[in-house]
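Residue numbers (the working numbering): 13 to 678. These notes concern the structure reproduced below.
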């Protein structure tokens, strides 16, 4: 997105304007300490919606009535203002750049002041940040609150490098000390790059709902299948009982289709007249068959029980063996000495052969000892398998015993004057009940719903992948950023031990590291040296800035980067003498490192040169010129890629600051 900061300004208590103008490319504010340089980044942050007013206490905070900035966003201009006394945010759109020199309190009409929540949302609209729901599972809201709306406040993590952050070895990003904001920024990166829109999250919600419905139907189908198998078993048993009682068949050849077509089968047997063959011996045949099956099952069960006993015995032995080897020191080597004949001193090499045999024995023993835990796992697994088989056999045996009882009960019932016709009719009614229940279940076509759901899920996944595919795009973005870091980092000041520098950045974790040729990762916190930390920060943030520019209008984050005191690594601010002129030699002398003067001054020159070069190359590559605002005490640098004075462009605060008390007089 084409966007840059045009002004940072304040109106003081006397309604007088104090402002700094900026352009695209590299902008430098140079000056001595306590002149308001570092306040620039804080004023911008506050006007950009920060909850906290962190402008350094002093002349500025004492004299300022209103802070404001003017930003160019595409073809429009935005005036954003905040007052330390008014917690609301001022947002006013201007189609053309307003004449800032005529600004006064009257311009900041109360009707443009919005509550901060509304201010941030409306500000986000100008950057095409229109997503208000990032949850992918609406069911989650039953037990947790809705995920926060993506906010322009997360943009600042890519835009601001404060004085205490720019060469920090523990932290790379602004506001990442707060875990929740860190996680939100990482998660919302795919939004800030324009990879996904609100439609993506809506489709993800639809996908989760479909997958949940599919799981529910599949679960219900499993229950139905189990119930159907149970009913099939009951139906077969009842039909068998009917055959035993009547000596004839109720559903000859139709047993297998009875439950799949219950309505027609029920219609057939409803009109079926019970006929009993009193001369049939089927009950005797059935009883004999059941007795044989019972005996077979008893035999199989006992065989399994014996095998289980043997396995459990092996498990117990293996456990004892495992415990014993913990206290056994395994032999690792054997010391040998050649023996000699006491008379002729001739060496005897037979002991070498014995030593080789001993070594082989040691290897075998250690190998066998190491297998004990594996054997124990194998025994335990087999034991559980046998137990399950025994349970299954016992269940089948129970059913067989029940069938035997029924056959015998049929004869007993006859003795009690319960006719065979009466017994058969009772069985027939039970069969009809099973079929009637099955007809009710057929009303719900779970199989059809499952097929439809799977097809919808397949199509929706394809649509999400074809239209958005954030995973692939994030991988591509990571490669772009890493390649850019290699190019930029090659010319920055890294210790020789890290050459050639090979920086890598993960968009999953937002961690940065140097990767050695052997694949070993050296993370920022372990790299050592302030120059390394500074160079890592510069390489990463300029690379991310270039990537945003490469996306054109798809990117939401404005290509603005604040760098506060980058030269402090080489010329610490704490020893700045506040002279009217930056004196590198004097600072190095006071630091006690005069011998490093040329080397450190060269490093600062190279740093500024690389930032200028970055802006030029980014413009050539993407058509968008990024903006870098540097606030520093380094001055009068001799650059190869630009005239340092043109970068300062009047923003030199040595004889004065951003504002002075004398400036506020009327």
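Just so you know, even glycine gets a beta-carbon here, dropped at the ideal spot from N, CA and C.
What does the Cβ neighbour count give for residue i, buried or exposed, with the cut at 16 atoms within 10 Å?
i           : result
residue 47  : buried
residue 561 : buried
residue 235 : exposed
residue 137 : exposed
residue 616 : buried
residue 160 : exposed
residue 580 : buried
residue 297 : exposed
residue 533 : exposed
residue 539 : buried
residue 567 : buried
In the DSSP assignment, find the unbroken alpha helix (DSSP H) run with residue i in it and report its ends.
i           : result
residue 258 : 210-258
residue 196 : 191-199
residue 489 : 482-501
residue 684 : With the chain represented from 13 up to 678, any question about residue 684 goes unanswered, as that position is not in the structure.
residue 624 : 609-634
residue 187 : Per DSSP, residue 187 belongs to no alpha helix (DSSP H) and is neither H nor E.
residue 54  : 51-59
residue 602 : 596-603
residue 280 : 274-282
Excluding the 5 residues preceding and the 5 following residue i in the sequence, name in chain order all residues of the same chain whose CB lies nearer than 6 Å to its CB.
i           : result
residue 669 : 47, 48
residue 639 : 16, 36, 572
residue 554 : 500, 626
residue 149 : 220
residue 188 : 194
residue 455 : Its pLDDT being 44, under 50, residue 455 is placed unreliably in this model, and the value from its coordinates should be taken loosely. Around residue 455: no qualifying Cβ.
residue 212 : 480
residue 115 : 29
residue 661 : none
residue 310 : none
residue 557 : 571, 573, 638
If I'm right that residue i touches residue j with Cβ under 8 Å, what's the distance once you round it to whole angstroms?
i           : j           : result
residue 181 : residue 545 : 5 Å
residue 72  : residue 22  : 7 Å
residue 7   : residue 169 : A query on residue 7 cannot be resolved here, the shown segment of the chain reaching from 13 to 678 and no further.
residue 621 : residue 659 : That pair is no contact at about 11 Å.
residue 663 : residue 178 : That belief does not hold up - the Cβ atoms of residue 663 and residue 178 are roughly 19 Å apart, past 8 Å.
residue 536 : residue 619 : Contact flag wrong, Cβ pair sits at about 18 Å.
residue 51  : residue 67  : 5 Å
With DSSP as the reference, identify every bridge partner of residue i, one or two as the case may be.
i           : result
residue 476 : Looking at the DSSP assignment, residue 476 forms no beta bridge with any residue, so it has no partner.
residue 88  : 85
residue 29  : 23
residue 207 : DSSP lists no partner for residue 207.
residue 643 : 41, 576
residue 126 : 101
residue 680 : There is no way to answer for residue 680, as the model of the chain reaches only from 13 to 678.
residue 15  : 85
residue 172 : 574
residue 664 : 42
Residue i lies in the beta strand (DSSP E); which residues open and close that run?
i           : result
residue 38  : 37-43
residue 549 : Taken as a continuous stretch (DSSP letters only), residue 549 belongs to no beta strand (DSSP E), being part of the alpha helix (DSSP H) at 542-562.
residue 106 : 101-106
residue 109 : Element bounds for residue 109: n/a, residue is neither H nor E.
residue 535 : 533-535
residue 527 : 524-527
residue 656 : Unbroken run through residue 656 is the alpha helix (DSSP H), 656-660; no beta strand (DSSP E).
residue 515 : 515-517
Excluding the 5 residues preceding and the 5 following residue i in the sequence, name in chain order all residues of the same chain whose CB lies nearer than 7 Å to its CB.
i           : result
residue 172 : 53, 57, 186, 574
residue 14  : 86, 636
residue 30  : 21, 22, 24, 670, 671, 675
residue 542 : 179, 581
residue 519 : 201, 486, 489, 490
residue 465 : 222, 225, 226, 229
Would you say the beta carbon of residue i is closer than 7 Å to some non-hydrogen atom of the ligand MG?
i           : result
residue 605 : Among the components of this structure there are no ligands whatsoever, and the ligand MG is therefore not found.
Excluding the 5 residues preceding and the 5 following residue i in the sequence, name in chain order all residues of the same chain whose CB lies nearer than 8 Å to its CB.
i           : result
residue 286 : 258, 433, 436, 437, 440
residue 233 : 458, 459, 462
residue 316 : 398, 401, 402, 405
residue 467 : none
residue 691 : Because residue 691 is not part of the residues shown, which for the chain are 13 to 678, the question remains open.
residue 528 : 514, 534
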